[in-house]
Each structure stands twice: as C-alpha cells, then as structure tokens.
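Counting from 1, one number per residue, gives the positions in the sequence shown under full-length UniProt numbering. Contents: one structure, followed by commentary.
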Amino acid sequence: MGGALGPGELVNEFLDALTLARWQFGLTTLYHFLFVPLTVGLSLLVALLQTAWVRTGETKYLRLTKLYGKIFLINFAMGVVTGIVQEFQFGMNWSNYSRFVGDIFGAPLAMEGLLAFFLEATFIGLWIFGWDKLPKGVHLATIWVTSLATMLSAYFILAANAFMQNPVGYELNPETQRAELADIGAVLANPVAIWQFPHTIFASVMFGATVMIAVAAWHLSRRQYVDEMRTSLRFGLWANIVAFLGVGFSGHSLGMVMTETQPMKMATAEALYNNASGADASFSLFSLGTPDGMHEIFSIRVPYLLSFLANGSFDGSVEGIRDLQAEYTELYCGDAGTALTCPSDGSFVPIVWVTYWAFRWMIGLGLLSALVSVVGLWITRARRDVPAWAWKLAVWTAPLPMLGSLVGWIFTEMGRQPWIVFGVMTTESGVSPGVPAWAVLVSLIVFTLVYGGLAVVEFKLIVKAAKAGPPDIEQPADGADVDHARFATVY
C-alpha cells in the first residue's frame with residue numbers, strides 16, 4: 001500500500017493538469033502565431049508588388065514578387081501545419097470548455113475552414129501554378145483573393161476569440177448547462193472582434209514589412225541587386241510606418257472597448273488599484289506593487305493619459321483592481337454565482353506584473369520598429385552612402401513586430417484570467433477532467449520538441465530563400481516585354 005510512486009503518479013502528485021494544459025495551449029498558440037502575421041502581412045505586400053509590376057512593366061517588381069512570394073509560401077505551409085494542432089487541443093485538454101461553448105465557438109471556426117481557408121488554399125494554388133497559364137490580370141487577381149482570404153480567415157478566428165473576451169449572441173440552456181448560439185450576427189459583429197481585426201492586420205503588415213527591410217538591408221550591405229533591394233527597402237520602410245499608424249489608431253479604439261467589456265484587464269494593464277478619474281486616471285510609465293498585486297508601492301505616472309486611452313476623454317473614469325475584485329466577488333461568487341463562475345481561490349485579478357509589462361513591451365517594440373523605419377527613410381534618401389551599422393540595425397528590425405505581437409497576445413489572454421469565457425466560465429472549469437497531468441506533460445514535451453525542430457527548418461528555409469535573392473528572368477531576344485512565364489527559377 002505504501003510502495004513507491006510510478007513516474008506518472010509522481011507527475012500527478014506535484015503538477016496539476018490545469019497548469020500544464022494552460023502552458024501547452026499557450027506555447028502552441030504563440031508558436032502558431034509566429035507564422036500567422038507573416039503570412040497575412042506578406043500576402044498583402046506581395047500582391048502590391050505584383051500589382052506594381054503589372055501596371056509598370058518594370059522587371060524589378062516581378063523579381064521582388066517572386067522572392068517574397070517564395071518566403072510567403074514557406075511560411076504559409078508551416079502555419080497550416082501548426083494551426084491544425086490548435087483545434088485538437090480543445091478536445092484533448094479542454095473538453096469541458098468544448099462541451100459548454102462548442103455550439104458558439106464552432107460556428108466561426110467552421111466558417112473559417114469551409115469558406116476562408118478553402119478560398120485561401122484554392123487561389124494560392126492557382127497563383128503558384130498559374131504563372132505560365134493565366135493572363136497577367138487574372139493571375140494578379142489570384143494573389144489578391146489569396147490575401148483577402150487570409151484576412152477573412154483571421155477575422156473568423158478573432159471572432160471566436162472575441163467571444164471568449166466578450167460573450168455575446170448566446171443563451172444559457174438551464175437544462176443542459178450549455179451556451180447555445182442565439183445570434184450569429186452578434187458573434188461576428190462583436191465589438192472586440194471589429195477592432196481586434198484591424199489591429200492584428202496592421203501588426204501583421206508591420207512584420208511582413210520588416211522582413212522585407214531585413215532582406216533588402218542584408219543584400220545592400222553586400223551591394224547585391226542594388227536596384228531591386230533599394231526599392232524593397234524603401235517600400236518596406238514606408239509600409240512599416242503606415243501600418244504602425246494603423247496599429248496605434250485601432251489599438252486605441254480596442255482599448256476603449258476593452259475598458260467597457262473587461263475593465264479588470266485595463267486596470268491590471270495600468271496597475272490601477274483604486275477607481276480614478278480625470279488627473280487621477282494617470283498612465284503608469286513604471287510601477288512596483290506588492291507580490292499579491294493588490295497594492296502599489298511606487299509608480300511614475302502621466303496625469304489624464306489613462307482617462308484618454310480608456311475613454312477617449314480626459315475626464316473619464318476608470319475602475320481599479322480592488323474595487324473590481326469586490327464587485328466580482330459579490331456578482332460571481334454570491335447568491336447568483338455558480339461553480340462555473342467562482343474561482344477556487346476567489347481571486348478575479350490576473351497576474352498583474354504579466355499584464356502590466358506585456359502591455360508596455362507590446363507598445364514599446366512596435367514604436368521602436370517604427371522609429372527605426374523613420375531613421376531608415378532619412379539616411380537612405382537620395383541614394384546616400386549608408387554606414388555599416390545601419391544595415392545591421394535594419395536586419396535586426398525584423399523580429400520587433402513579431403515579438404510585439406507575441407507579447408500582445410500574452411496580454412490579451414493572460415489579462416482575461418481567471419476566465420476562459422469572461423463572466424461565464426472560469427479557466428479551471430474548462431479543463432478536461434479525465435486527463436491526468438502526466439499525459440498532458442508528455443504531449444507538452446513532444447509538441448515542444450517537434451515544434452522546435454520545425455522552427456529550425458522554417459528559419460533555415462526562409463534564410464536560404466532570402467540570401468538567394470530575386471530570381472533571374474530570361475530576357476526575350478527581340479527586346480519585347482518580359483513574359484511573366486519566363487523564369488530561370490521556379491517554385
């Protein structure tokens with residue numbers, strides 16, 4: 001009876017399935033999101049480059065289209081592979097959640113698969129194999145449909161996620177204790193999704209643009225493909241700046257929606273402990289708090305700024321952490337509360353330091369990327385000589401929007417805790433009850449190792465394609481216009 005515990009029993013003894021399931025979903029989601037923004041951003045930028053070629057007939061745009069199109073295809077394939085795992089995890093580790101909310105969550109996911117992904121897969125195939133078979137205009141249309149389909153796919157996924165942030169369009173069945181779809185229009189028109197969508201798209205364009213900047217800078221530092229790469233560099237710099245402005249505007253609007261729908265997330269993002277308004281609703285540049293996240297020790301703040309960010313006015317009010325904790329305790333753990341809405345520890349406060357710093361890193365990384373682009377436009381004007389350090393800086397600009405997007409998602413998901421569906425179901429209520437911790441740990445280790453290997457393959461393929469540069473194009477002997485079918489290299 002008192003024998004030694006086996007390996008599985010040891011894991012179950014010291015680790016819980018909920019923590020491991022959260023780690024697994026978080027890691028695989030962030031890994032998948034490495035590829036999504038680059039796919040969305042590059043598809044649009046490649047479509048613009050091909051449009052420039054069709055309109056001007058300049059060969060450099062065609063060569064750039066082929067170069068960045070190849071990088072786009074490599075990344076697209078990896079995104080598909082990693083995305084499939086995401087949906088399996090709902091059934092593996094989150095069966096209670098899937099059973100409770102599947103009627104609503106499944107609708108936008110089905111639309112994404114049957115409509116958006118079908119268009120995406122079909123037209124990307126036409127674009128790949130249609131170079132020597134379709135007229136220029138028709139072939140150009142295929143990459144534009146592909147780009148629009150990637151964005152449509154992103155919207156359906158974001159609509160599903162927005163339900164978790166702000167549940168709308170559903171009714172709770174008292175007999176089955178399941179959330180049932182009542183209004184698909186409300187789910188798709190969720191205000192969180194409406195502003196989360198442009199915020200994500202603009203951030204994706206920033207990532208795609210900085211990859212173009214990095215590739216161009218690497219070649220220009222070696223004085224290779226100077227005409228094409230200077231065009232690529234300037235195009236990427238401008239695209240990054242314009243996209244950053246879009247990120248800022250959509251992010252401000254999303255912040256106001258977040259204040260209305262998830263006030264606790266806004267409070268923890270600003271380490272605001274008590275209700276405040278006007279000058280007291282200040283933006284925290286730096287803040288230190290107690291380990292329990294309930295008291296402020298020291299902070300540096302800008303008066304009125306938080307009020308403006310949260311409400312669009314300088315005299316608006318913002319609810320604080322302690323006041324919201326008291327309000328939620330009464331609402332979700334009181335007489336009207338249920339086992340699904342009351343956390344076991346009674347706390348409705350996310351990990352403050354995670355949401356606080358993720359919010360600032362998200363903003364800081366995006367701002368740094370845009371500033372580098374502004375400097376890049378200035379020092380590359382009028383074909384001036386560029387110092388070697390500038391090329392190195394440009395190459396290392398590429399990861400900034402990607403990292404900003406990753407910490408942005410950490411903020412979005414961690415700031416929602418302890419809810420898996422805000423105000424309806426806690427995260428601990430959604431985990432699969434019959435899956436032992438050791439099983440989750442094994443799959444977590446396997447996924448991490450496999451994904452790590454895939455990451456190395458992805459990175460090497462993209463670097464190889466980037467270093468190879470734009471492909472050579474066979475020039476017609478009679479000096480006629482270049483036919484878009486004549487390439488020395490193909491996909």
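Ideal Cβ positions, reconstructed from N, Cα and C, are used throughout, including at glycine.
- Taking a contact to require three or more Cβ pairs closer than 8 Å, the region 174-191 and the region 15-29 do not qualify as touching.
- Between S43 and T150 a beta carbon distance of about 5 Å is seen, short of the 8 Å cut, so the two are scored as contacting.
- Excluding sequence positions up to five before and after T397, its CB lies within less than 7 Å of the CB of T210, I213, A214, S369, V372, all in the same chain and listed in chain order.
- Classified as exposed, S344 has fewer than 16 neighbouring CB atoms from the shown chains inside 10 Å of its CB.
- With contacts defined as CB atoms closer than 7 Å, A455 and Y356 fail to qualify as a contacting pair.
- In the structure shown, Y273 adopts coil according to DSSP, grouped into three states.
- Taken atom to atom, the span from the alpha-carbon of H252 to that of V145 is near 29 Å.
- For Y31, the enclosing alpha helix (DSSP H) has its first and last residue at 17-32.
- Judged by DSSP in its simplified three-state form, S221 adopts coil rather than helix or strand.
- Where W238 is concerned, the enclosing alpha helix (DSSP H) starts and stops at 226-261.
- The beta carbon of A390 sits closer than 7 Å to those of I379, all from its chain and outside the five residues before and after it, given in chain order.
- Of the other Cβ atoms in all chains shown, 16 or more fall within 10 Å of the Cβ of E112; this residue is therefore buried.
- Between Q89 and H32 the beta-carbon gap is near 11 Å, outside 8 Å, which marks them as no contact.
- Counting along the chain, the unbroken beta strand (DSSP E) around E171 starts and ends at 170-173.
- Annotation: R178 to L365 spans about 41 Å, alpha carbon to alpha carbon.
- Counting only residues of its own chain and dropping the five nearest sequence neighbours on each side, H199 has a CB closer than 7 Å to the CB of V247, S250, G251, L254.
- Rounded to the nearest angstrom, the Cβ distance from A116 to A394 is 34 Å, too far for a contact under 8 Å.
- Nearest Cα to F123 within the set A110, L441, T142, P108: T142.
- At the C-beta level, S429 and S95 stay beyond 7 Å of one another.
- The continuous alpha helix (DSSP H) containing V40 extends over residues 36-56.
- Note on N173: under 16 other CB atoms within 10 angstroms of its CB, so exposed under the neighbour-count rule.
- For the set A203, V205, V168, D472, the Cα lying nearest the Cα of V192 is the one of V168.
- Excluding residues up to 5 positions away in sequence, W361, L365 lie with their Cβ nearer than 8 Å to the Cβ of L403 in the same chain.
- Here G236 is buried, its C-beta having at least 16 other C-beta atoms within 10 Å.
- With respect to the 7 Å criterion, F76 and T39 are classified as neighbours on the basis of their beta carbons.
- The residues A17, L20, A21, Q24, N93, in chain order, have a CB closer than 7 Å to that of V440 in the same chain once the five nearest residues on each side in sequence are set aside.
- Between P263 and E319, the beta carbon gap of about 5 Å places them in contact (Cβ cut-off 8 Å).
- Per DSSP, the unbroken beta strand (DSSP E) holding W419 starts and ends at 419-421.
- When rounded, the separation of the alpha-carbon atoms in L30 and I445 is 16 Å.
- Residues of the same chain with a CB within less than 7 Å of the CB of N274, apart from the 5 flanking positions on each side, are G320, R322, D323 in chain order.
- Annotated as proximal: A47 and S147, with beta-carbon spacing under 7 Å.
- Closest option to T427, judged by alpha-carbon separation, among M414, P37, A437: M414.
- Annotation: the region 361-447 contains the following complete segments of the beta strand (DSSP E) (minimum length 3 residues), in chain order: 419-421.
- Residues P37, A203 of the same chain have their beta carbon placed closer than 6 Å to that of S405, with the five preceding and five following residues left out of the count.
- Between the alpha carbons of I128 and A159 lies a distance of about 30 Å.
- Here the alpha carbon of I201 sits roughly 28 Å from the alpha carbon of I351.
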